[in-house]
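> Take this structure first; my questions come after.
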């Protein structure tokens, strides 16, 4: 994979900076004849959009998608892909022309500032430039397409812990995640108040906190992936680790698998009445030897706390001076919240890519 | 990345099955003028080689490497790379011609058997075929070269936990890892007896157990990686997750970062007397925004317990029958042990690839 | 290379259709710190722009480029690349809303219509859709950047023959190519009247004619390319053959080399007074064994006659009927003319890509 | 495409030098279930093998292929691909240990020597090292597999001209090409004596001469390729131009298309009685807009005269001295002859790759 492209046959190339005129993506390799509406894309973007509750950044971006190529209009609102690149663009609207004076020369701890300057020698410091989480809007748009590529695919994500607080898995309710009263993408209604109180305190202190997100893909046909360097879990891990602030990825029972025995970890099988195998558990997260088994694919990822905090931290500047950095501005106190639809998008893209690759190599699917 | 290739400029393509005549790799993109000896490669292979203690598989493979192309001989034993593909081959020696009767049609729980058959419709069942951990010998050979590509790079790995037992980080001693009395790649001398007793019990029960490995790369220049889909941590995660039986990957403090606040997670900086920045901690694991900071790069990965166990497990066979599977044969009770040099190899390959890419895009390095 | 991407480290992905809202490209991998102006891009686009003489299509497209990402503004009009993707967009302006009735179902001989329908089952027939030569505007924009990447690189092209008429190489004058009285990119002032008379006849007959273009790249450092599947000439051939209507590519003396002896074909060398080698001829076109020699790189390509002609041709339609096709509308009687800046762009992109790759693998350049 | 890899889904990576222990290829992406025999590979290698007549190099290489991975044995001699990488190796046998003294420091005109040294700073000068035409044995082996991937595909090549002598197309007889009395791959029986006399003179003079080869692929399904940077003709051109000594490539009527009008160049169509379209000519060489039409795919390429000649040529050496180079040793007086099976192999590989890509993107094929 290249610097700014994800995927092999379903290829997503993103571009754009936080404070440039626009950002977007080019989806190359989308099969012809895929039907979707502008709303299919926009709805996913709206889930990731900032400014929707007091728990996320107050930057006001409508994130309206323009579809510039690769589709024909059919009846009503339906678009149909033609097999050519689908270019999607989102204009940046709310780039505040504030004075970046200090911040333009300071290296904010936890941000890419220092590493970036060493690498490129030049840096668009406005809002993080290319390293801004705004880039992820383009991923979400691409992911909305990827969902359409694999028939029957359903990819859903949930925030399962925030800082020291976790959901109760006994209360898991996928339907609650899109609820208007749920600003956290939590699957546990009872956790909303807990998370809200916790995050209000964090936010008022000018602090921030991390989170763990779980993504579950159902309807993944068995056989996607490959045994060595195109493992489905490898490419999912690659996609998730490429999201800003992600520091860990697990498949299935993940790190827990390192603590248990082979007997405990085995997913036993029986033949079902319909002639399809039934797995009696899913420790593997739907992937064995890098290849999907037909069970739900399960991935989790850890998002570190937002590095932009009000508490002063020691750092240095471009000129080699010791400085204290205190990051004002509009920031998510827990970037993990909005990472839920982004994680879904990356999992969907990885699966769509492997769906096409599998079809190419084997003629099946 | 392709099915069997890892990397973009430093490209490693591996081939071979457990019970075929040989396995190997082609390293394409190795810079010209890299000096090394056959022993540099062989020593790494010897670290991964089976049959060295009672805690690993008793299959006897010398794993002797043949270097078939891409080098010229200099004085003594020194080889020098010419910039052309370096092909390395390892003959399989100890493929027992046992009767695979049952196992050839049964789907072993935890193994790729079922998924593989669904994908390809044909499967070399002998010893796992392409999905065998023998493939990783080729990675280790490639990794030995990768280590030479980046001046000053040192990549070391350690087993930090096995099942429910963990090392004491206060006892960390890198030098102990190569010790003849250390069959576990543990950095903690005191842990040897604990691990030995624990694993003897596991082994005698015909069971198996998982492990966590930590890899630390020192001497990684700042600036490697890229902000979006060529993040250094993304490609390290991809490489580690591509190793057989790996179910989770962390960079720096990993999942712990999801539990703490921005203040706790920040790696503060000061200017050093030598004009280089000093980080006061390394929660980031040496990577910020996908780009190396010059601090040690730290990655951890979870290896699941060996799926081949003596305890019978329920499963099905190719013909749709319910069966009980009991995997005899020569197996590692903890495949995580030999995963240490493999993890090192993948981290080294990812870093070498980014070193060349960084040099390409920026002219620096 | 992917469906819509050209290059490995300097990667150009283009998107857009003839009659969609816009077209553009994303240039990924442009090194940081490259300085250029909007005019540098626009000037190249203006050279390719339609409607500039009676010898090219009368479609009126301003082809104004918007630069959407990857740059910072410096003093005056200077832009500087930041190392992130440079997204450039050109709005389509003059898409006539004509009735495509017949043409939407007919397969025009010489066009991609039939093959396209077989491939994708769906086709944007308006103006050729993705197969329109309008796509090449995006290549020209990318090529304008590529020219800046390699210090000292000068890439120039010339039309050397049109149908049965050829230039006199004794009259070669690079400076004349940009002359206002030269609508043909011919290097031979004396050929203008010949070409004009010839093409006027062709045009008035509703016919069309082919052309041969020569591209010369000076300032290419020795050492770019690779001996096997990344030959510099291979990638130049790939780039040129990817241009619409191109049916042949030559490097150096090309097909002539097949007619002569080794003695005649050899480019002899002498040491120059400045310590650099001097080649006594350049049959090789600046490339030996796939690697640049430091001599000018010379490539030629053949462009077939425009397939859209007024003379009726026999064909079939989507429904399997025999039909007669007569292509009205605005067409270039010789698409080879405007192919000159496009050929230059592809050569520049191939060279820039190899410049970065060479630097990556060898640390030189 | 990478330095030493050709293809995207059907990926061929080659390795090896002229005078190293061996050379070979890894074919990654070969679909599972492809049946072939060792003889299928060996027969193609035998067609390219040196030493078979007085018109080719007298180096004696059996070119026996070892198949090291990726297949299972079935009944009799049949091998079946498993979908994993197929590694094939050919040992070098006849590397004469001659004294390379002078030649190791001299830059032979027409060879890659100088460019190579500038690029890598180190060079395996023995027999051309990596730049030797021996590398093409690996391509031929891979091509033999590629032919099996596309059902019904037949790829045949013919030498159509040598120096100033050409075949008479009225005498075209594919069956004569494999005839024991035909050392030239000519399709014209009457040309054998002409070529033999001509080449004997060339050979006795210590000279060499170029050639033009035509490759025709029948049974290519319509729809392979893509409209922009994955044009089928582009990838065929790339593959052919990557062959040693090739300086030009044409598709269909190639450079001739630049000389004629749109009326003359159009391939008209009629509906056939079987419901399939009939093309009334094939100027396009079976490819329109980069996509196959179902007609035979026709490509031609020009091979320059062997650069190794006995006549002394002026050159320089590594130390900057003017020298005279006279290349003794065993050389093909016309390398174009043995280029016939190599050209076939590259065309077959390009088509197989696009067959899989088409299947991946569209689900058809």
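Protein chains in written order, with my numbering: chain A, 2 to 366; chain B, 2 to 366; chain C, 2 to 366; chain D, 2 to 366. Just so you know, even glycine gets a beta-carbon here, dropped at the ideal spot from N, CA and C.
Evaluate the contact criterion for the region 153-168 of chain D versus the region 23-30 of chain D: three or more CB pairs, one atom per stretch, below 8 Å.
With the cut-off at 8 Å, the region 153-168 of chain D and the region 23-30 of chain D do not touch.
> For the alpha helix (DSSP H) containing residue 345 of chain D, name the first residue and the last one.
That run of the alpha helix (DSSP H) goes 340-363.
> For the candidate residues A:143, A:108, A:42, A:141, whose alpha-carbon lies nearest to that of residue 1 of chain A?
With chain A covering 2 to 366 only, the question about residue 1 of chain A has no answer from this structure.
> May I ask you to report which of helix, strand or coil DSSP gives residue 73 of chain B?
If DSSP states are grouped into helix, strand and coil, residue 73 of chain B belongs with the strands.
> Could you give the first and the last residue of the continuous alpha helix (DSSP H) run that contains residue 141 of chain C?
137-150 is the span of the alpha helix (DSSP H), which, as asked, contains residue 141 of chain C.
> How many angstroms separate the CA atom of residue 335 of chain D from the CA atom of residue 164 of chain D?
Distance between the alpha carbons of residue 335 of chain D and residue 164 of chain D is about 9 Å.
> Rank C:314, C:47, C:364, C:284 by C-alpha distance to the C-alpha of residue 135 of chain C and give the top, closest one.
The shortest C-alpha separation from residue 135 of chain C is found at C:47.
> To the nearest angstrom, report how far apart residue 318 of chain D and residue 326 of chain D are at their CA atoms.
The alpha-carbon atoms of residue 318 of chain D and residue 326 of chain D are separated by roughly 9 Å.
> Anyone know if the C-beta pair for residue 270 of chain D and residue 306 of chain C falls short of 8 Å?
Their beta carbons are not under 8 Å apart, which means residue 270 of chain D does not touch residue 306 of chain C by this criterion.
> With a threshold of 7 Å on Cβ separation, who are the neighbours of residue 353 of chain B within its own chain once the five nearest residues in sequence on each side are excluded?
So the list reads 11, 147, 150, 151, once near-sequence residues are dropped.
> In chain order, what residues of the same chain have a beta carbon less than 6 Å from the beta carbon of residue 285 of chain D, not counting five sequence neighbours either side?
Within the same chain, residue 285 of chain D has close Cβ partners 253, 268.
> Return yes when the C-beta of residue 304 of chain A is under 7 Å from any heavy atom of the ligand SAM, and no when it is not.
Ligands in the displayed structure: none, and consequently the ligand SAM is not present.
> Going by C-alpha distance, which of A:257, A:338, A:226, A:312 is nearest residue 216 of chain A?
Residue A:338 is the option with its Cα nearest to residue 216 of chain A.
> Using a Cβ-Cβ cut-off of 7 Å (strictly less than) and excluding sequence neighbours within five positions of residue 356 of chain A, which residues of its own chain qualify?
For residue 356 of chain A, where only same-chain residues beyond five positions count, the Cβ hits under 7 Å are 150, 151, 225, 366.
> Anything in chain D within Cβ reach of residue 287 of chain A, meaning under 8 Å, just list it in chain order.
Within chain D, no residue comes near residue 287 of chain A; the closest Cβ sits about 20 Å away, beyond 8 Å.
> Along chain C, which residues have their Cβ under 9 Å away from the Cβ of residue 152 of chain B?
Within 9 Å Cβ-Cβ: nothing; residue 152 of chain B doesn't reach chain C, min ~10 Å.
> Residue 299 of chain B to residue 49 of chain B, Cα distance in whole Å?
Whole-angstrom Cα-Cα distance: 21 Å.
> What in chain C is Cβ-close to residue 10 of chain B, meaning under 7 Å?
The contacting residues are 361, 362.
> Using a threshold of 8 Å, state whether the C-beta atoms of residue 345 of chain D and residue 144 of chain D are closer than that.
The answer is yes: Cβ separation under 8 Å.
> I'd like to know whether the C-beta of residue 21 of chain B is nearer than 8 Å to at least one C-beta of chain A.
With 8 Å as the cut-off, residue 21 of chain B does not count as an interface residue toward chain A.
> Measuring alpha carbon to alpha carbon, tell me which of C:278, C:247, C:155, C:181 ends up nearest residue 220 of chain C.
Among C:278, C:247, C:155, C:181, the Cα nearest to that of residue 220 of chain C belongs to C:155.
> Check whether chain B comes within 8 Å of residue 2 of chain D, counting only Cβ atoms and requiring the distance to be less than that.
Here residue 2 of chain D scores only 44 on pLDDT, less than 50, and its place in the model should not be relied on; the value that follows carries that caveat. Judged by the 8 Å Cβ criterion, residue 2 of chain D is not in contact with chain B.
> Within 10 Å of its beta-carbon, does residue 54 of chain D have 16 or more other beta-carbons around it, so buried, or fewer, so exposed?
So residue 54 of chain D counts as exposed.
> Where does residue 202 of chain C fall in DSSP's three states?
Three-state DSSP puts residue 202 of chain C in a helix.
> In the DSSP assignment, find the alpha helix (DSSP H) that holds residue 401 of chain C and state where it starts and stops.
Look at the range of chain C in this structure, 2 to 366, and you will see that residue 401 of chain C is not part of it.
> Please check if any C-beta of chain B sits within less than 8 Å of the C-beta of residue 33 of chain C.
So yes, residue 33 of chain C belongs to the interface.
> Which of the three DSSP states, helix, strand or coil, is assigned to residue 1 of chain D?
In the structure displayed, chain D extends from 2 to 366; residue 1 of chain D sits before or after that span and is not available.
> If you run the structure through DSSP and keep just helix, strand and coil, what is residue 46 of chain B?
In the structure shown, residue 46 of chain B sits in a helix (DSSP, three-state: H, G or I).
> Between A:210, A:195, A:230, which lies nearest to residue 247 of chain B when the distance is taken from Cα to Cα?
Here the closest residue by C-alpha is A:230.
> State buried or exposed for residue 194 of chain D, treating a residue as buried only when at least 16 other CB atoms are found within 10 Å of its CB.
Result: exposed.
> What ranges does the beta strand (DSSP E) occupy inside the region 284-314 of chain D, keeping only unbroken runs of at least 3 residues that lie completely in it?
For the region 284-314 of chain D, whole beta strand (DSSP E) runs of length 3 or above, ordered along the chain, are 298-304.
> Count the other CB atoms within 10 Å of the CB of residue 274 of chain B; is the residue buried (16 or more) or exposed (fewer)?
Label assigned to residue 274 of chain B: exposed.
> One question on the structure: do residue 189 of chain A and residue 169 of chain A come within less than 8 Å of each other, judged by their Cβ atoms?
Yes, the Cβ-Cβ distance between residue 189 of chain A and residue 169 of chain A is below 8 Å.
> Is the beta carbon of residue 233 of chain B closer than 8 Å to that of residue 347 of chain B?
Not in contact: residue 347 of chain B and residue 233 of chain B (Cβ atoms no closer than 8 Å).
> DSSP state of residue 208 of chain D, grouped into three classes?
Residue 208 of chain D falls in the coil class under three-state DSSP.
> Given this structure, state the Cα-to-Cα distance separating residue 71 of chain C from residue 296 of chain B, to the nearest angstrom.
Cα to Cα, the separation comes out at about 28 Å.
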